[in-house]
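Visitor: One structure, as structure tokens, below. Some questions next.
Residue numbers (the working numbering): 11 to 418.
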């Protein structure tokens, strides 16, 4: 295994003569440093449970790996020229829309969809905030929700408790087929993912032989952070937002989608293929759909709209950064102003857009799924929500540009 890794690290030497975008260098450095912490932490702990011969082999490989990764981080910061140019450019971005999503409409026309959704969600948020706190600003209403959050010590446990209630409600209301025997464990996000991740879902693979257990990652406040930064992060992960995130990541979002593919997919392609905009669009659609079906309250609707604004901002800044020259600082400011987000998470979101070109997919996928839903119920007016959702997930993860055609 390490022989293959040596080849990988050797090939990386070829990048030092190229100009690299500063934001991507920053993120890469943080992620590799996170891997180093994981190797010293979780990996070493797991290796300690093995036989003496395996522990000895692990320690030998670990020494080589640590030296190589530390050298990589050092060279990232020293041995190449930096650039602020991370953009794909309009022509490549147009190709991306076709290759990823089978969308051949002009970039500007697709961007207009995101701008329109932003305005619609801003209007709905303003109206709901006025209902919840007459005369208050949106920021003050959101602030009241964010004040009520788990402690750093209880974050993981309380996320797990909320997840059990969510699964029970979803099964009782029968909105989508969920295989029996599913299990989700909530665990801290691995170190190497924390630079760009608030929460994430690691679902069982489509061809795994045993079990339907998934790992739900939630990023904790770091012990090394100052008190202000820790509080800012925990406010971001308040109880209501955690509920919305759990809908997105687990029930009936990503985890449900993945286990549905595995158990009910009618071909290897249907079981395994995953389209970014379909997968993230489904999870984003679920946040809104659950409220429409009667789950939650006004506070959850407010946070759902706030999260929808974040996805709209991702959509817009992705297009602007890669086709119109928007910088990272400008993207961060746009996200802070339009998604009512504080500095640290907004900065992470802006950085993500420099290398995750397709994170427009959350809003794009949601909009195409809603169009497909409208088309489906026009054709099948007496169908149930479950029938639509099962039909949709039965497609696997097709490019969203094909959904309206395939759904009927």
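Don't be surprised by glycine CBs; every beta carbon is placed ideally from N, CA and C. The model shown is predicted, which means the values in this text are computed figures rather than measured ones.
DSSP three-state label for residue 289, please.
Guide: Taken through DSSP and simplified to helix, strand or coil, residue 289 comes out as helix.
Visitor: Secondary structure at residue 192, three-state DSSP: helix, strand or coil?
Guide: When DSSP states are grouped into helix, strand and coil, residue 192 belongs to the strand group.
Visitor: My guess is that residue 216 and residue 281 are in contact by the Cβ rule of under 8 Å, so how many angstroms apart are they, rounded?
Guide: About 4 Å separates the beta carbons of residue 216 and residue 281, which is inside the 8 Å limit, making them a contact pair.
Visitor: Could you tell me if residue 316 is buried or exposed, where buried requires 16 or more neighbouring beta carbons within 10 angstroms of its beta carbon?
Guide: buried
Visitor: Is it right to say residue 262 is buried, meaning 16 or more other beta carbons lie within 10 angstroms of its own, or is it exposed?
Guide: It counts as buried.
Visitor: Would you identify the three-state DSSP class for residue 215, choosing helix, strand or coil?
Guide: coil
Visitor: Return the residue from the list 350, 385 and 66 that minimises the CA-CA distance to residue 321.
Guide: 350
Visitor: Just the Cα atoms here: how many angstroms apart are residue 11 and residue 75?
Guide: Low local confidence applies: a pLDDT of 47 at residue 11 is under 50, so the model's placement there is unreliable, and no value is given.
Visitor: Work out the CA separation of residue 410 and residue 137 for me, nearest whole Å.
Guide: 31 Å
Visitor: Does DSSP put residue 224 in a helix, a strand or coil?
Guide: strand
Visitor: Whole angstroms are fine: how far does the CA of residue 357 sit from the CA of residue 339?
Guide: 8 Å
Visitor: Report yes or no: do the region 56 to 73 and the region 98 to 105 share at least 3 C-beta pairs separated by less than 8 Å?
Guide: no
Visitor: Taking the alpha-carbon positions, what's the residue 313 to residue 250 distance?
Guide: Counting only the Cα atoms, residue 250 lies some 7 Å from residue 313.
Visitor: Compute the Euclidean distance between the alpha carbons of residue 304 and residue 362, then round it to the nearest angstrom.
Guide: 33 Å
Visitor: Just to confirm the assignment: which complete alpha helix (DSSP H) runs, minimum length 4, are found wholly within the region 379 to 413?
Guide: 395 to 403
Visitor: Please say whether residue 352 and residue 242 have beta carbons closer to each other than 8 Å?
Guide: yes
Visitor: For residue 186, which of helix, strand or coil comes out of DSSP?
Guide: coil
Visitor: For the structure I just gave you, are there three or more beta carbon pairs, one from the region 288 to 299 and one from the region 325 to 332, closer than 8 Å?
Guide: Segments in contact, no.
Visitor: Straight-line CA distance for residue 191 to residue 257?
Guide: Residue 191 and residue 257 have their C-alpha atoms spaced approximately 19 Å apart.
Visitor: Does the separation of the CB atoms of residue 44 and residue 201 fall below 8 Å?
Guide: yes
Visitor: Tell me the DSSP secondary structure of residue 11 in three-state form.
Guide: Below a pLDDT of 50, predicted positions are generally treated as unreliable, and residue 11, at 47, falls in that range; no measurement from the model is reported.
Visitor: Which runs of the alpha helix (DSSP H) spanning at least 4 residues fall entirely within the region 57 to 122, listed in chain order?
Guide: 62 to 88 and 100 to 111
Visitor: What does the alpha-carbon distance come out to for the pair residue 235 and residue 278?
Guide: 45 Å
Visitor: Hey, how far is the Cα of residue 33 from the Cα of residue 341?
Guide: 12 Å
Visitor: Skipping 5 residues on each side, what residues in its chain have a beta carbon closer than 6 Å to that of residue 1?
Guide: The requested residue 1 is not part of the displayed model; the chain covers only 11 to 418.
Visitor: If you run the structure through DSSP and keep just helix, strand and coil, what is residue 237?
Guide: helix
Visitor: Using the Cα positions of residue 124 and residue 109, report the straight-line distance between them to the nearest angstrom.
Guide: 20 Å
Visitor: Taking all protein chains shown into account, decide if residue 135 is buried (16 or more other Cβ within 10 angstroms of its Cβ) or exposed.
Guide: buried
Visitor: Near residue 231, which residues of its chain fall below 7 Å by C-beta distance, leaving aside the five closest residues on each side in sequence?
Guide: Within its own chain, the residues whose Cβ lies closer than 7 Å to the Cβ of residue 231, once the five positions on either side in sequence are excluded, are 162, 240, 243 and 244, listed in chain order.
Visitor: Write down the C-beta distance between residue 291 and residue 379 rounded to the nearest angstrom, noting that I regard them as a contact closer than 8 Å.
Guide: At roughly 5 Å, the Cβ-Cβ gap stays under 8 Å, so residue 291 and residue 379 are in contact.
Visitor: So which of 156, 133 and 70 has the shortest CA-CA distance to residue 348?
Guide: 133
Visitor: Determine, using beta carbons only, whether residue 37 and residue 344 come nearer to each other than 8 Å.
Guide: no
Visitor: Could you check whether residue 96 and residue 31 sit closer than 8 Å to each other, using their CB atoms as the reference points?
Guide: yes
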